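Take a look at the structure below.
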Amino acid sequence: MDQKKSLSRRKFLGDAAAIGAIGALGVGAVVSSCSRRPTYVAPVFPDQAPDGRVLRAGVIGCGGRGTGAAINFLNSGPNLEIGALGDVFQHRLDRCRNELKEKQGVEVPDNRCFTGFDAYKRVIDTDVDVVLLCEPPYFRPTSFELAVQNRKHIFAEKPVGVDPVGIRQVMAAGRMAESAGLNVATGTQRRHQRDYVRTFEMVKNGAIGDLISANCYWNQSQLWFVRRQEGWTDMEAMLRDWVNWCWLSGDHIVEQHVHNIDVVNWFFEKRPVKALGFGGRHRRATGDQYDFFSVDFTFDDERHMHSMCRQINGCTNNVSEIIFGTKGYTNAQNRIWDYDGNLIWEYQYPLGDDGQPRGSVDVSPYDQTHINLVTAIRTGDYINETQNVSEACMNALMGRVSAYTGREVTWDEMMNSSMKLGPETLEMGPVDIPAEPPVPGTA
Amino acid sequence: MSKRKFFRNGRRYIILVPVILTTLFLYLGDRIVRYTSTNEFCYACHFHPHAEESWRRSDHYDNRTGIYVQCAECHLPPPGNLNYLLAKAKHGAVDVYGWIFKDPESINWEAKRTVENAVKYTYDESCVRCHQNLFPMQLTPDGQQAHLYYQQHEDDLSCLNCHLYTGHYSELVQEGIQFGVDEEVDREIYTDPAIVEDFVNFTERIPGSAVSFDMVAIPGGTFSMGSPSDEPMRDDNEGPVREVEVSSFFMGRAQVSWDEFLAFYNATAAEGRQDNVYATNLGEVDAISGPTPPWGLPDQGWGMGSRPAITMTWHAADTYCRWLSAMTGRTYRLPTEAEWEYAARGGTEGPYFFEGDPRRFTRDRLWTRIFGPDTTVINSYVIYRENSMARTQPPGTVWPNPFGLEHMLGNVYEFTSDWYAPDAYSLYPEGTVVNPRGPESGSERVIRGGSFNSDAADVRVAARSHTRHAAWQMTDPQIPKSEWWYTDTREVGFRVVMEWDPDWQ
């Protein structure tokens, strides 16, 4: 509906401009009086990807998210298949394979299942058209780059790296993907969530005036962890417990909170250039990470975003964003208020069977991401989200480094940093990374 | 022919003639624009030696694709708009002027190939008209990072910063040249430093190398530092003039040469790159870690030997002094700004340590721009823009100053130990200032003396300048950027002083 309206409006403006060009000053005046601010129209996401020739996806990283992404991909339209699976561990691969068989009736043959540290190469070597990169973030830059070089379309989970070297590698590979016409969708799925997208449209069109500042949160209970068992090498113990090791996950500000930082970047249409934060560790059971961060981010025009994230049980939880403008504020997802406390706009969710709004969007944003990716591949309506997700990751990284060191960290420092995490070689054996969290003020 | 018929025909001509003329004009105009942009037309006037040959050896001629990139494709903006015609007119006028009035032998073609000059007649828009994809699949990881950096700093960078020799081949482009390989084979290797017993000139020897250099005894004294407000071509940061007393010291007769600096480099150079060099250098002298390998050719291909070492950072120069102190058991350091000016003046009080008026020497005034600057005196004392042929010169090419110091003015800017502040002189307490050391903190260091690239006004003895750290490493493609070498200045080097304690003996 909205789109139709705007098309006719655009056509009107086009015609009017043409007339104006001929010299009808009167018309020009009319046009300028009614087009002070060009209206932004959010994209309308399809419920299903269109049909087309068979697209096969290879899953790299067959944990919970890899299995989930495979199902999201299969759900997104007709003629979609899983062409290969890869994981370091046999047991993770088997579980994923069984789940796909039981839930989706999809069978992946033995000769298309790969394990070990080079599984990602062997998946990319097959004839798959798309790769779903769902391994621990440390591995993402390497597999992302190889996938681009082998001309695969990409779904890449967030974050896309754990250190500046890796994230820059992804930035460059994303540009190469663009020049090769390869579509890239990423796991920052709020950008594919219909209520967020509609709220962005409202804000972009001035519903809360000019943006002033933002806060964002990912405060939740303790995350999962895996205690080391006898017989495991350092490497195996770390990989099984990867969300607790900075070199594998990037720490939870990067691994998880990047979602919220990305939303603020999206609404502000820019990224912060400075971060000063702190954090610490009180309750975490394993690994070398912090369990809370609080970071003050600054944009180049001195506007601020405050970010906080925590993974501790028994505390007040909150996963959200709030964005303040000159005329009002929004939760970025579905509501806009003015400063007198009035709700001035609300996203209209589809109605359920009981005739009441359901409170959730029609299509899950996880499915929607894959629908949009497959649609882009099949229609040629190109998408590439690499830069957005890379910038948000780099911002989260700024926050982490600032909290770890106690010092202010700038965007330029990160873009010029040689920091690279992880062991020299990847093999099941000892890893010389102690389970000690960083101490600020000592770097 | 009836009158009426004539008019009918005449009216036809009134319409036809302008149409034909306009068509002809447009057609000929287009032909002329095209013809005057062909290589053959360029060659007709462009007699500069090797332009064609270096082009034929370059990637723009000799490449796998079989495409020749023609003169006008790089040296003019993309055709099709007014800018193209304006640029064509501008370059054409300059070329015609040069062709008529200039002797090609007198033109320094090498200088025209530097980045600063090349950007004036090579257009980034034209580069990217063909090179549209900055991230082709074949791009190396280093190239990817460099282009990522370029995209973040497009306003500050030109394609030529990294691709200077793409259109015209140069020997300098060869990568992997071993920097600082010791060529001294049969020369005596010193085992001990010089013996210094009196306050007289001596020749220092660097133990473990075949390198020696002359030190000049500079007797302490009092002088007026800065320039009076009536000095021509002065800058406000040179005042107010202060009475300054400096103690006796020794100073290098010449700027630190490549021979000297390479002795340091070869003895201390860190194999790979390492973080936290500042931290490691705070420790014992044994632990002094020297420069990492430079990016590109720090000597610019001009040769090393006794030519002044250039493009090192202040940190590298400072580390050199501490290394030299450790090797000789004496205290070598960078001069303070006051010591530098005292030494450069050599007892004189004018704009230069020789006779002359900056207004007659400079090229930056309308009169001298038209009729040419006076070079008669300054020429024999200073290597500067008018006589340098756009590069540094070894010692012995001009006369020394009254203290016997060479190249105090010109050749290369010299680091001092002072932080830079434009109002530094007014910050000192009243009365005679004894051994001032500049502001306590700052972000850039004072550099002095001007360089081979400076105008005569900037090689005045009171003229002050300062480092530009960020700008001077703008195109360093390494991550992080080198702490030891600058990529974007060729004009900076240094000179050492050695402390002298009269009670020392």
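Line by line, the protein sequences are chains A and B. Last residue of the first sequence? That's 471 in this note's numbering, and every number before it is there in order. Last residue of the second sequence? That's 635 in this note's numbering, and every number before it is there in order. Each residue gets a CB set at the ideal place from its N, CA and C atoms; glycine is no exception. Predicted model only: the values in this text are computed from it and were never measured.
Can residue i and residue j be called in contact, C-beta distance under 7 Å?
| i | j | result |
| --- | --- | --- |
| tryptophan 432 of chain B | threonine 617 of chain B | no |
| aspartate 389 of chain B | valine 341 of chain B | yes |
| asparagine 233 of chain A | tyrosine 394 of chain A | no |
| phenylalanine 394 of chain B | tyrosine 462 of chain B | no |
| proline 137 of chain A | tyrosine 318 of chain A | no |
| proline 207 of chain B | tyrosine 253 of chain B | yes |
| alanine 468 of chain B | methionine 355 of chain B | yes |
| leucine 251 of chain A | glutamine 339 of chain A | yes |
| proline 438 of chain B | threonine 522 of chain B | yes |
| valine 176 of chain A | methionine 199 of chain A | no |
| aspartate 223 of chain A | glutamine 361 of chain A | yes |
| asparagine 444 of chain A | isoleucine 609 of chain B | yes |
| arginine 620 of chain B | tryptophan 444 of chain B | no |
| alanine 473 of chain B | leucine 539 of chain B | no |
| arginine 495 of chain B | aspartate 504 of chain B | no |
| proline 106 of chain A | aspartate 75 of chain A | no |
| glutamate 163 of chain A | arginine 93 of chain A | no |
Does residue i have its Cβ less than 7 Å from a Cβ in chain A?
| i | result |
| --- | --- |
| glutamine 268 of chain B | no |
| leucine 535 of chain B | no |
| glutamine 523 of chain B | no |
| glutamine 274 of chain B | yes |
| valine 407 of chain B | The predicted model places valine 407 of chain B with a pLDDT of 37, which falls under 50 and marks its position as unreliable, so this point remains unresolved. |
| proline 530 of chain B | no |
| proline 607 of chain B | no |
| proline 610 of chain B | yes |
| leucine 151 of chain B | no |
| leucine 278 of chain B | yes |
| phenylalanine 483 of chain B | no |
| phenylalanine 265 of chain B | yes |
Give a yes or no on whether 7 Å exceeds the smallest Cβ distance from residue i to chain B.
| i | result |
| --- | --- |
| serine 171 of chain A | no |
| asparagine 444 of chain A | yes |
Please classify residue i: is it buried, with 16 or more other beta-carbons within 10 angstroms of its beta-carbon, or exposed?
| i | result |
| --- | --- |
| aspartate 440 of chain A | exposed |
| tryptophan 246 of chain A | buried |
| tyrosine 143 of chain B | exposed |
| glycine 114 of chain A | buried |
| threonine 344 of chain A | exposed |
| aspartate 405 of chain B | Confidence at aspartate 405 of chain B is low in this model, with a pLDDT of 42, below 50, so its placement is unreliable and the value that follows should be read with caution. Aspartate 405 of chain B comes out exposed. |
| isoleucine 150 of chain B | exposed |
| valine 188 of chain A | buried |
| glycine 126 of chain A | Before going on, a small fix: residue 126 of chain A reads as asparagine here, not glycine. Exposed is the call here. |
| valine 258 of chain B | exposed |
| serine 571 of chain B | exposed |
| tyrosine 410 of chain A | exposed |
| phenylalanine 231 of chain B | exposed |
| methionine 267 of chain B | exposed |
| arginine 194 of chain B | exposed |
| serine 556 of chain B | exposed |
| leucine 83 of chain A | buried |
State the CB to CB distance for the pair residue i and residue j, rounded to an integer number of angstroms; the pair is presumed to be in contact (CB under 8 Å).
| i | j | result |
| --- | --- | --- |
| alanine 420 of chain A | asparagine 293 of chain A | 5 Å |
| serine 167 of chain B | alanine 202 of chain B | 4 Å |
| leucine 121 of chain A | threonine 143 of chain A | 6 Å |
| proline 294 of chain B | alanine 241 of chain B | Rather than proline, the amino acid found at residue 294 of chain B in this sequence is leucine. So it is not a contact: roughly 13 Å between Cβ atoms. |
| tyrosine 375 of chain A | arginine 226 of chain A | 6 Å |
| valine 528 of chain B | tyrosine 543 of chain B | Rounded, the Cβ-Cβ distance is 16 Å, inconsistent with contact. |
| proline 525 of chain B | serine 436 of chain B | 6 Å |
| glycine 297 of chain B | valine 199 of chain B | 7 Å |
Residues in the stretch 107-138 of chain A having any Cβ partner in chain D nearer than 9 Å: Among the chains of the structure shown, chain D does not appear; the protein chains present are A and B.
Against chain B: residues of the stretch 196-220 of chain A by CB proximity under 7 Å: Arg196, Met199, Ala200, Arg203, Met204, Ser207 and Ala208
Chain B contacts made by the stretch 171-193 of chain A, where a contact means CB separation under 7 Å: Gln177
Contact list for the stretch 287-299 of chain B against chain A, Cβ threshold 7 Å: none
Residues in the stretch 418-442 of chain B having any Cβ partner in chain A nearer than 9 Å: none
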